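First to last, the sequence lines map onto chains A and B. Reminder that position 151 of the first sequence reads as 150 in numbering that gives the first Met the number 0, one-by-one numbering, no gaps. Reminder that position 358 of the second sequence reads as 357 in numbering that gives the first Met the number 0, one-by-one numbering, no gaps. We put the CB at the ideal spot given by N, CA and C, even for glycine. Remember, predicted model here, so these are calculated numbers, not experimental data. Working notes for the structure below.
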Amino acid sequence: MLRVSNLLMANNTLKYIQNNLQRAARSQEQLSTGKTIIRPSDDPSEISHLMAVNATIKGNEQYMRNIEDGLSYLNQCDSALDTIGQYLQDAKTLTIQGANGTLTQEDREAIAEQIDKQIDALVDLGNSSLGGKYLFAGTKNSQPPFYRDPATGEVYYRGNTDRVTREVIFGYSYEVDAAGVTETGSPGVFGTLDGTSQIDDPMNSGEQMTRVSGGPFEVLLELKQNLENNDADGINQSLQELDDALQEVLNHRVGVGARTRHLEAVKSQLEDQEIKLKTVLVNVQGADIARLTVEAAQNDLVYQASLIFASKFLQTSLLNYLE
Amino acid sequence: MPGTFFGLEIARRGLNVHRKAMDITGHNIANASTPGYSRQEAVIEASTPWTLPDIATKMLPGQLGTGVLAEKVRRIRDYYLDVQYRQSASYEGYWEKKLDFADRVEALFPEPDGRGIQEVMLDFFNNWQDLNNNPQDSGVKTAVKESGDELAGIFRQMHGQLTTIGESIPDSMQDQVDKVNELLEKIADVSNTIIWVIRNNAQPNDLLDQRDSLLDELAGMGRIQVEAQDSGAITVKFIGDDDEATVLSTDENGKVTASSISVELDGDENYLLIDGEQKINLTEMANYQTGLPAGAGQGSILALESSRLEVQDIINRLDNLAAAVISNVNDKAGVTFFTGSGASDIALDTGILDNPDSIIGENALAVAQLRSTPVDIEEDVTATFESYYQSIVAQVGAAVDHYTNMLENQQAIGQQVDALKQSVSGVSVDEELTKVMQYQYGYQASARMLAMQDEMLDYLINRIR
Numbered sequence: 000m001l002r003v004s005n006l007l008m009a010n011n012t013l014k015y016i017q018n019n020l021q022r023a024a025r026s027q028e029q030l031s032t033g034k035t036i037i038r039p040s041d042d043p044s045e046i047s048h049l050m051a052v053n054a055t056i057k058g059n060e061q062y063m064r065n066i067e068d069g070l071s072y073l074n075q076c077d078s079a080l081d082t083i084g085q086y087l088q089d090a091k092t093l094t095i096q097g098a099n100g101t102l103t104q105e106d107r108e109a110i111a112e113q114i115d116k117q118i119d120a121l122v123d124l125g126n127s128s129l130g131g132k133y134l135f136a137g138t139k140n141s142q143p144p145f146y147r148d149p150a151t152g153e154v155y156y157r158g159n160t161d162r163v164t165r166e167v168i169f170g171y172s173y174e175v176d177a178a179g180v181t182e183t184g185s186p187g188v189f190g191t192l193d194g195t196s197q198i199d200d201p202m203n204s205g206e207q208m209t210r211v212s213g214g215p216f217e218v219l220l221e222l223k224q225n226l227e228n229n230d231a232d233g234i235n236q237s238l239q240e241l242d243d244a245l246q247e248v249l250n251h252r253v254g255v256g257a258r259t260r261h262l263e264a265v266k267s268q269l270e271d272q273e274i275k276l277k278t279v280l281v282n283v284q285g286a287d288i289a290r291l292t293v294e295a296a297q298n299d300l301v302y303q304a305s306l307i308f309a310s311k312f313l314q315t316s317l318l319n320y321l322e
Numbered sequence: 000m001p002g003t004f005f006g007l008e009i010a011r012r013g014l015n016v017h018r019k020a021m022d023i024t025g026h027n028i029a030n031a032s033t034p035g036y037s038r039q040e041a042v043i044e045a046s047t048p049w050t051l052p053d054i055a056t057k058m059l060p061g062q063l064g065t066g067v068l069a070e071k072v073r074r075i076r077d078y079y080l081d082v083q084y085r086q087s088a089s090y091e092g093y094w095e096k097k098l099d100f101a102d103r104v105e106a107l108f109p110e111p112d113g114r115g116i117q118e119v120m121l122d123f124f125n126n127w128q129d130l131n132n133n134p135q136d137s138g139v140k141t142a143v144k145e146s147g148d149e150l151a152g153i154f155r156q157m158h159g160q161l162t163t164i165g166e167s168i169p170d171s172m173q174d175q176v177d178k179v180n181e182l183l184e185k186i187a188d189v190s191n192t193i194i195w196v197i198r199n200n201a202q203p204n205d206l207l208d209q210r211d212s213l214l215d216e217l218a219g220m221g222r223i224q225v226e227a228q229d230s231g232a233i234t235v236k237f238i239g240d241d242d243e244a245t246v247l248s249t250d251e252n253g254k255v256t257a258s259s260i261s262v263e264l265d266g267d268e269n270y271l272l273i274d275g276e277q278k279i280n281l282t283e284m285a286n287y288q289t290g291l292p293a294g295a296g297q298g299s300i301l302a303l304e305s306s307r308l309e310v311q312d313i314i315n316r317l318d319n320l321a322a323a324v325i326s327n328v329n330d331k332a333g334v335t336f337f338t339g340s341g342a343s344d345i346a347l348d349t350g351i352l353d354n355p356d357s358i359i360g361e362n363a364l365a366v367a368q369l370r371s372t373p374v375d376i377e378e379d380v381t382a383t384f385e386s387y388y389q390s391i392v393a394q395v396g397a398a399v400d401h402y403t404n405m406l407e408n409q410q411a412i413g414q415q416v417d418a419l420k421q422s423v424s425g426v427s428v429d430e431e432l433t434k435v436m437q438y439q440y441g442y443q444a445s446a447r448m449l450a451m452q453d454e455m456l457d458y459l460i461n462r463i464r
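As structure tokens, this is what we get:
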């Protein structure tokens, strides 16, 4: 059996009191922060996981901002396309009116004048902006993209053909605009660029602007000329082209709508994910207050017992009974 | 047949022995709280009995006792427990120092909840995302500049603080070396006195205790191997097992001399020098990257060397991360955004600092995507910035956790050994008081015997006329 010495008892008592105090400090720390992992060493195997979850939450917040931003872009495009559609519809009504064989040359010229104004209005629509950024200018969107040359009546483009995108999930960027114009392939809302015809940019010296062809501008311009020339066949031809242009605008609008729905779906998915990730955080790091409280109470009991021991029993020795 | 005053002599011996035993008990009680004290005990033996054969002895059965003698004072101590205790002290000294520095390193990492490198880095990349949303916006470019500046700043700050810790290690090491030299000198002095006392046929119990305590303390700084002889001669080997690791030796004349140790950096490696000669490659023994190093648990000097390597490793990893951030961000941003080559000197390019508009907004997405793109950070390690940094934090946390556990285990073992040591050598006041009563009665009884003898002799000498 172990012989017990007084020094051993005293040292042990000190040590036990210190241990109990340390445990109390730890419970207090966890109870008052509500967290079990306060520094990396509290759970080194979980710390990377915890930090990764925190990073994902923070990253998702940015994606949410990107999506919100993209959605407002898409909504603005949608309403611009809606208005463009209405203008083209109006132009169609005018054209049908102009195709009426009973009209005189003067009447047709008056209609041509109205069509000319429609072109101006359409240029203004093409220069729609959101928060200082021009919707149909590609990514070179700090200046109004469309310019109508007063000399020829032709419309020129100073933007670029890159699409405005927002990253909504890592590595996946979605276009949040409708292409204003395109270089080749399927035409943009306002047609394609005619690289063979360029003029000096009046706003930026030394730069060139490119003529827009194959879209509503060209159709309306031809229509205007046909009306002025009193060309009935040409007017009917323009009517057909106007329908095509209107269809093209509709196509773009459908695309914008589809992408809006997609972004909204991603958004609600991210919102779900955020809730789940925060649950993970609580599971990994959150303190079980009920359990901690019970533990703290138990610990307090043990602590008090060790203090009672120190104050009562350490004083007792044979000396108390020697006379 | 014994002489007339034989009984007086027996009573006198009884008185003497009990007085002596009482004094020793008093010494024990006085030292009940002295650390390293071993309780002492009078070796009480019956004195040589009356054996001279003559005609009269035939009449008596057996030998006639001559009383008691206490010529020696014994120190109650178990040498094997000392060996075990010192081994455990080396382990404790090692893990304590390791934990000390790991704690200091961990304190620099505000993760998981504080604003550390990960948080700042996330903000930085989020700002690039914002810039992608508004490629021409000067306000957002300024935000990118500011967060870039903060990121560079926090890298430099971490590097500076880690370097400060790293640089304090050699000072700590020098402190330990000085302490070892001081202890060696003291042990040599005490040993020389011990040898002299033993030569004079006395027992230097308290000096032996003192030497054992000094050896216990020495063991905390490096594993020691002690060979002590009954003559008081002593040989001590420090850290190494070979003869060349000898730091205390006794020559043929019985003189103990202490060597002086020092630590010297030779290239990248620290060597332990004994009397100015390179003896032990500490760096090799402390290299923890090869699994559990040979020097693990061998005292605080090796722990400091190990911590030095560890802090250096964390600084290197931080440097790798900063270098990867610099090169990748510059590459994707299309301009020199950061300058510098590592965590110590990463800074915003003055061009960006003076004119945030020179940030190319069209490249923002490429930079922002770096956040989640694995890149080459160190040889054979491809990871995202975040996960690489997370592994650094995990490494720092795991170190503290590991060393805390090791220290706690070792302390528990140390306490067990100490309890065993105390069980053998510790003073129990109750026990001593019981002995006091026993010796008191013994003394009283001897005195009574003396009084009775006195009375008897009084009759014999004075009353017979």
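- Annotated three-state conformation of B/LYS185 is helix, per DSSP.
- Contact check for B/LEU247 against B/ALA187 passes: the beta carbons are separated by less than 8 Å.
- Of all C-beta pairs linking the stretch 132 to 143 of chain A to the stretch 162 to 181 of chain A, three or more are shorter than 8 Å, placing the two stretches in contact.
- For A/GLY214, the CB contacts under 8 Å within the same chain, skipping 5 residues up- and downstream, are VAL180, PRO186, GLY187, VAL188, PHE189, GLY190, THR191, ALA244, GLU247 in chain order.
- Flagged as an interface residue toward chain B: A/ASP68, by a C-beta distance shorter than 8 Å.
- Within the same chain, and ignoring the five residues on either side of B/THR65 in sequence, the residues whose Cβ sits closer than 7 Å to its Cβ are ILE9, SER46, THR47, PRO48, TRP49.
- For a cut-off of 8 Å, the C-beta gap from B/ARG74 to B/SER37 is around 5 Å, short enough to register as a contact.
- In this structure, A/LEU6 sits near B/GLY425, with a CB-CB distance shorter than 8 Å.
- Excluding residues up to 5 positions away in sequence, LEU182 lie with their Cβ nearer than 7 Å to the Cβ of B/GLU216 in the same chain.
- In this structure, A/GLU221 lies away from A/SER196, with their beta-carbon atoms at least 8 Å apart.
- Approximately 5 Å separates the beta-carbon atoms of B/ASP274 and B/SER258; this is inside 8 Å, confirming the contact.
- Close CB contacts of A/LEU226 within its chain, under the 6 Å cut and outside five residues either way in sequence, are with GLY97, ARG107, ILE110, ALA111 (chain order).
- Taking a 10 Å sphere around the C-beta of A/VAL281, we find fewer than 16 other C-beta atoms and assign the residue as exposed.
- Restricting attention to beta strand (DSSP E) runs no shorter than 3 residues, the stretch 390 to 433 of chain B encloses none.
- Counting along the chain, the unbroken alpha helix (DSSP H) around A/GLU60 starts and ends at 43 to 98.
- Here B/VAL176 has ILE260, SER261, VAL262, ILE300 as same chain residues with Cβ atoms under 8 Å from its own Cβ, once five neighbours each way along the sequence are excluded.
- In the structure shown, B/ASN269 falls within a strand segment according to DSSP collapsed to helix, strand and coil.
- Interface annotation, B/ASP429: in contact with chain A, CB-CB separation under 8 Å.
- Secondary structure of B/ARG210 (DSSP, three-state): helix.
- Leaving aside the five residues that flank B/GLY231 on each side, the residues in its chain whose CB is nearer than 7 Å to its CB run, in chain order, SER190, ILE193, ILE194, ILE197.
- If you draw a straight line from the Cα of A/GLU294 to the Cα of A/SER4, it is about 32 Å long.
- For B/SER306, no CB of chain A lies under 8 Å from its own CB, so it is not counted at the interface with that chain.
- Within the same chain, and ignoring the five residues on either side of B/PHE337 in sequence, the residues whose Cβ sits closer than 8 Å to its Cβ are GLY147, ALA151, VAL324, ILE325, VAL328, ASN329, ILE345, ALA346, LEU347, ASP348.
- With contacts defined as CB atoms closer than 8 Å, B/LEU303 and B/MET405 fail to qualify as a contacting pair.
- Within the same chain, and ignoring the five residues on either side of B/LEU419 in sequence, the residues whose Cβ sits closer than 7 Å to its Cβ are LEU80.
- With 16 or more neighbouring CB atoms inside 10 Å of its own CB, B/VAL143 falls in the buried class.
- Positions of the alpha helix (DSSP H) runs, each at least 4 residues long and wholly inside the stretch 115 to 143 of chain A, cannot be given because no such run exists.
- Taking B/ALA322 as the centre and dropping the five residues before and after it, the same chain places the C-beta of SER340, GLY341 closer than 7 Å to its C-beta, in chain order.
- In this structure, the straight-line span from the alpha carbon of A/ARG64 to that of A/ASP119 is close to 35 Å.
- With a threshold of 8 Å between beta carbons, A/GLU166 makes contact with chain B.
- Taking C-beta atoms as the reference points, A/ARG2 and B/SER422 count as a pair closer than 8 Å.
- Judged by DSSP secondary structure, B/ALA382 falls within the beta strand (DSSP E) whose first and last residues are 380 to 382.
- Listed along chain A, the residues sitting closer than 7 Å to B/PHE108 by beta-carbon distance are PRO39.
- Pairing B/ARG18 with B/GLU431, the inter-Cα distance amounts to about 14 Å.
- In the structure shown, the three-state DSSP call for A/ILE274 is helix.
- Taking 8 Å as the threshold, the shortest C-beta distance from B/GLN439 to chain A does not fall below it.
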